[in-house]
Amino acid sequence: MEVFIKGAGIISPQNTTDNSVFLNDIVKHEKDTLNCVEPVYKEYINPIQLRRMSRLIKMSICASKICLKEAGIENPGAIISGTGLGLVEDTEKFLNSVLDYKEQFLTPTSFIQSTHNTISGQVAIALQCFNYNNTYSHRGFSFESALLDGMLLIHDKDAENALIGGFDEITEQHHSILKKTKWVKKEQVNHLDLLNYKTPGTVDGEGVSFIAITGKKDEGTYAQIKNISTLYKPKDYKEVENHIEKFLSENGISKNDLDLVVLGLNGNTDTDGIYYNLTDNYFNTNYAYFKHLCGEYHTVGAFALWFASKCIKHQNVPEIAIYNKQHFTKKPIKNVLVYNHFKNINHSFYLLNQ
Amino acid sequence: MSKRIFITGIGIITGIGNNVEETLQSIRSGKTGVGKIKYLDTFHKDTIPVSEVNYSNDELIALLGLDKNEPFTRATLMGIMAAAEAVKSAGITNMNDKRTGVISGTTVGGMDKSEQFYHDFLTAGEHIRYIESHDCGDSTERIADYIHVKDFVSTTSTACSSAANSIMFGARLIKNNRLDRVIAGGTESLTKYHLNGFNTLMILDRELCKPFDENRKGLNLGEGAAFVVLESEDLVKETGKKVFCELTGYGNACEAFHQTASTPEGKGAYLAMKKALDRSGLRIDQIDYINAHGTGTENNDISEGRAIETLFGKTPPPVSSTKSFTGHTTSAAGGVEAILSILAIQHNLIYPNMNFQEQMKELSFKPVTHLMENVKVDHVLSNSFGFGGNNSALIFSRV
Numbered sequence: 000m001e002v003f004i005k006g007a008g009i010i011s012p013q014n015t016t017d018n019s020v021f022l023n024d025i026v027k028h029e030k031d032t033l034n035c036v037e038p039v040y041k042e043y044i045n046p047i048q049l050r051r052m053s054r055l056i057k058m059s060i061c062a063s064k065i066c067l068k069e070a071g072i073e074n075p076g077a078i079i080s081g082t083g084l085g086l087v088e089d090t091e092k093f094l095n096s097v098l099d100y101k102e103q104f105l106t107p108t109s110f111i112q113s114t115h116n117t118i119s120g121q122v123a124i125a126l127q128c129f130n131y132n133n134t135y136s137h138r139g140f141s142f143e144s145a146l147l148d149g150m151l152l153i154h155d156k157d158a159e160n161a162l163i164g165g166f167d168e169i170t171e172q173h174h175s176i177l178k179k180t181k182w183v184k185k186e187q188v189n190h191l192d193l194l195n196y197k198t199p200g201t202v203d204g205e206g207v208s209f210i211a212i213t214g215k216k217d218e219g220t221y222a223q224i225k226n227i228s229t230l231y232k233p234k235d236y237k238e239v240e241n242h243i244e245k246f247l248s249e250n251g252i253s254k255n256d257l258d259l260v261v262l263g264l265n266g267n268t269d270t271d272g273i274y275y276n277l278t279d280n281y282f283n284t285n286y287a288y289f290k291h292l293c294g295e296y297h298t299v300g301a302f303a304l305w306f307a308s309k310c311i312k313h314q315n316v317p318e319i320a321i322y323n324k325q326h327f328t329k330k331p332i333k334n335v336l337v338y339n340h341f342k343n344i345n346h347s348f349y350l351l352n353q
Numbered sequence: 000m001s002k003r004i005f006i007t008g009i010g011i012i013t014g015i016g017n018n019v020e021e022t023l024q025s026i027r028s029g030k031t032g033v034g035k036i037k038y039l040d041t042f043h044k045d046t047i048p049v050s051e052v053n054y055s056n057d058e059l060i061a062l063l064g065l066d067k068n069e070p071f072t073r074a075t076l077m078g079i080m081a082a083a084e085a086v087k088s089a090g091i092t093n094m095n096d097k098r099t100g101v102i103s104g105t106t107v108g109g110m111d112k113s114e115q116f117y118h119d120f121l122t123a124g125e126h127i128r129y130i131e132s133h134d135c136g137d138s139t140e141r142i143a144d145y146i147h148v149k150d151f152v153s154t155t156s157t158a159c160s161s162a163a164n165s166i167m168f169g170a171r172l173i174k175n176n177r178l179d180r181v182i183a184g185g186t187e188s189l190t191k192y193h194l195n196g197f198n199t200l201m202i203l204d205r206e207l208c209k210p211f212d213e214n215r216k217g218l219n220l221g222e223g224a225a226f227v228v229l230e231s232e233d234l235v236k237e238t239g240k241k242v243f244c245e246l247t248g249y250g251n252a253c254e255a256f257h258q259t260a261s262t263p264e265g266k267g268a269y270l271a272m273k274k275a276l277d278r279s280g281l282r283i284d285q286i287d288y289i290n291a292h293g294t295g296t297e298n299n300d301i302s303e304g305r306a307i308e309t310l311f312g313k314t315p316p317p318v319s320s321t322k323s324f325t326g327h328t329t330s331a332a333g334g335v336e337a338i339l340s341i342l343a344i345q346h347n348l349i350y351p352n353m354n355f356q357e358q359m360k361e362l363s364f365k366p367v368t369h370l371m372e373n374v375k376v377d378h379v380l381s382n383s384f385g386f387g388g389n390n391s392a393l394i395f396s397r398v
């Protein structure tokens, strides 16, 4: 099943579009949502097209171009993306018009752009790519499904490579709705200190992440994705441990072989215990975390995968992302497990190798 | 890797029936589900005909024995009805003895409730629990929970080709030995949101839709859910169960032309059908029936018709669109039409393209106009095309 990550295009609340560096200039956000640091679009998209695109489409076209350029791929064998909520800005725009104008005097643009597959479709149009095209929208399995689909295509020899994306955006209106739920922290927080509040909820983030995967290893390779696994609604900590045990052994390694475990800690006391159980009772290695940098969203697994592959490529875990600072041991980063869960419903696991 | 994929169960609910049996009866008697809006609360209820499932949400909740205080969306309720029927027809009694997944296709997801409570979400928040059922994954998870599937859940969202892509993904997961069986299909309820969206695109017929007709004026929206049970060759051998048919071909291609329109020559449609045919190893003359996407819009029917001509020549096998029965059930359409294709094989039927009168000037063929019974139907090609240039095709074959 293994594939190789060959290129990345990451637009996130941090400075991540320059692939030559790795989180060396951390952005601290003052708002209570973590919004993307947007690139200068006109370097990537012509101004006429740019005017018609909503923010998420712009970010996605841009990220896909950065990714394919680095990978040296002109026309990918497949374009597959995942998104939890799709194009929220366009959806709100059309929904508000339908409701405010009582279903009259509507125009189609925001409706047309609000379907979840707009991104895969627009990227295909930009590249004139007629190959396999798909979009998944399943909470914390959205990006994971897209990646698994791409891995299957390469394994089945239906494609030599694939462009895999994860995208989600946060808007003010949607944030105001989420604040009414238990998933967002009530208090104002310094996101860089996210794990120290010890309160329920997390911070909303967003991001657009594209990676290029191929079946062949070559010079530009970041890392190998050995395998991916998902776990739906585990009943207790033990089931998570058992799942990891099985996943690792099926891929020929044990937990003692792991040089780094990347955890999806998001500062929510209701759900972070699952990770703490693993660091306290199960693993004994180095840990990294990342959601204090990008916030929580459905397809944050894409950021996590990029982060882990970048650690392998640079043979370095950025200081700000080290979880066990006191016990962190310097060693080559060869085998990395990424474990992330969304609301303790969708648990995902990636195994990466150097 | 050379594993074959069998269909062992089917379940469906649309405006023409609440289950497989009723669906077949409506088709045989030429009864359409399209008519005046009864359940959807909309400004257009007297002017735009649609095909609604013949139960209210409360009735579905009662039928399924669910808790009415839970935030069930209409997509979830219809999805459970169809998925439960599929599981029952596959004779599955223990869901946990084999690696099983649920893959559903939906695009508007829980929008029916979000549009009802949106102002509340932004103000008092009394119905805020419904925000948890807004996303596409919600209905899939509730369906999976109802039928006790835990090993894998996923949701495709490629607009009107969603369910076809779910079936394809399910088949590939089985082929790659990641799962033994998958309940795959789609569910979509009518919403004000997409009824108005399609209306702004001016592609809704105010009368009954007329796919492949020279004077077609657009589509009729519909709602529903449909799921198939896909099982691996090994599992079918092990249980020795009877199968409905085999999924022999599938293809997915992108038109990369326009977000909502297709090229006049139907490039994406052609590529998807060609890929499905190549994978099946069948010759074009072996396809006995094409269940077309056939929405009844100016644009679709010309692209699809030309793509069929390009692949099959000027005298293609019998073609019909069943959307004049069910309406266009959008994300569920690929599932609905997969089941109609499977029933065509099982009962040796080819369905009429209802409301057709005049052949399109641009095409060399016209669709089937009368129900054909006792005909040889061994291989059926089913097309599903969606916004974003997402084109998918499936081939079902008699075993």
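Residue numbers (numbering that gives the first Met the number 0), protein chains in the order written: chain D, 0 to 353; chain G, 0 to 398. Yeah, the Cβ is synthetic: ideal placement off N, Cα and C, and Gly gets one too.
I want to see whether chain D comes within less than 8 Å of residue i, judged by CB atoms only; does it?
i, result
"residue 106 of chain G", "yes"
"residue 428 of chain G", "Nothing about residue 428 of chain G can be reported from this structure: the residues present for chain G run from 0 to 398 only."
"residue 171 of chain G", "yes"
"residue 121 of chain G", "yes"
"residue 43 of chain G", "yes"
"residue 78 of chain G", "no"
"residue 267 of chain G", "yes"
"residue 71 of chain G", "no"
"residue 262 of chain G", "no"
I want to see whether chain G comes within less than 8 Å of residue i, judged by CB atoms only; does it?
i, result
"residue 224 of chain D", "no"
"residue 66 of chain D", "no"
"residue 155 of chain D", "yes"
"residue 349 of chain D", "no"
"residue 231 of chain D", "yes"
"residue 46 of chain D", "no"
"residue 270 of chain D", "no"
Is residue i a contact residue of the ligand COA, with contact defined as CB to any heavy atom under 7 Å?
i, result
"residue 48 of chain G", "Judged by which ligands are present, the structure shown has none, so any question about the ligand COA falls away."
By the criterion of Cβ-Cβ separation under 7 Å, what are the contact partners of residue i in chain D?
i, result
"residue 270 of chain G", "129"
"residue 117 of chain G", "94, 98"
"residue 384 of chain G", "Correct list: empty, because the minimum Cβ distance to chain D is about 12 Å."
Using a C-beta to C-beta distance shorter than 8 Å, which residues of chain D count as neighbours of residue i?
i, result
"residue 114 of chain G", "94, 97, 98"
Closer than 8 Å by beta-carbon distance: list the chain G residues that pair up with residue i, in chain order.
i, result
"residue 133 of chain D", "155, 157, 164, 168, 251, 389"
"residue 103 of chain D", "42"
Distance check for residue j and residue i, CA to CA, integer angstroms please.
i, j, result
"residue 6 of chain D", "residue 199 of chain G", "40 Å"
"residue 127 of chain G", "residue 329 of chain G", "27 Å"
"residue 81 of chain G", "residue 49 of chain G", "20 Å"
"residue 38 of chain D", "residue 351 of chain D", "29 Å"
"residue 107 of chain G", "residue 155 of chain G", "12 Å"
"residue 215 of chain D", "residue 291 of chain D", "34 Å"
"residue 189 of chain G", "residue 181 of chain D", "30 Å"
"residue 354 of chain G", "residue 207 of chain G", "7 Å"
"residue 348 of chain D", "residue 272 of chain G", "35 Å"
"residue 18 of chain G", "residue 346 of chain D", "34 Å"
Since residue i meets chain D, which of its residues come closer than 9 Å, beta carbon to beta carbon?
i, result
"residue 99 of chain G", "Chain D residues near residue 99 of chain G: none, gap ~11 Å exceeds 9 Å."
Just the chain G side, please: which residues come within less than 7 Å of residue i by C-beta, in chain order?
i, result
"residue 123 of chain D", "253, 255, 388"
Please list, in chain order, the chain G residues whose beta carbon lies closer than 9 Å to that of residue i.
i, result
"residue 340 of chain D", "Near residue 340 of chain D there are no residues of chain G at all, since even the closest Cβ is about 14 Å away, more than 9 Å."
### Query
Mind listing which residues of the region 182-209 of chain G have their C-beta closer than 7 Å to chain D's C-betas, in chain order?
191, 192, 195, 196, 199, 200
### Query
Looking at C-beta atoms only, is the number of pairs between the region 66-75 of chain D and the region 202-222 of chain D that lie closer than 8 Å three or more?
yes
### Query
Can you find at least 3 beta carbon pairs, one from the region 100-110 of chain G and one from the region 151-169 of chain G, that sit closer than 8 Å?
yes
### Query
Using Cβ-Cβ distances below 7 Å, what residues of the region 286-300 of chain G are close to chain D?
none
### Task
Below 9 Å between beta carbons is the criterion; list the residues of the region 135-162 of chain G that meet it against any residue of chain D, in chain order.
135, 136, 137, 139, 140, 143, 144, 148, 149, 150, 151, 152, 153, 154, 155, 156, 157, 158, 160, 161
### Message
For the structure I just gave you, are there three or more beta carbon pairs, one from the region 235-242 of chain G and one from the region 368-385 of chain G, closer than 8 Å?
### Response
These segments do not touch.
### Query
Using a beta-carbon distance cut-off of less than 7 Å, what residues from the region 136-152 of chain D approach chain G?
Of all residues in the region 136-152 of chain D, 136, 137, 138, 140, 144, 148, 151 have a Cβ within less than 7 Å of some Cβ in chain G.
### Task
Indicate whether the contact test is met: 3 or more Cβ pairs, each with one atom in the region 317-327 of chain G and one in the region 26-41 of chain G, closer than 8 Å.
yes
### Task
Count the CB pairs spanning the region 305-316 of chain D and the region 198-205 of chain D that are closer than 8 Å, and state whether there are at least three.
no
### Query
Between the region 138-152 of chain D and the region 42-52 of chain D, are three or more C-beta pairs nearer than 8 Å?
no
### Task
Could you tell me whether the region 165-183 of chain D touches the region 84-100 of chain D, where touching means 3 or more Cβ pairs closer than 8 Å?
yes
### Query
Does the region 225-234 of chain G come close enough to the region 135-144 of chain D to have 3 or more Cβ pairs within less than 8 Å?
no
### Message
Can you pull out the residues from the region 170-193 of chain D whose beta carbon lies closer than 8 Å to at least one beta carbon of chain G?
### Response
172, 175, 176, 177, 179, 180
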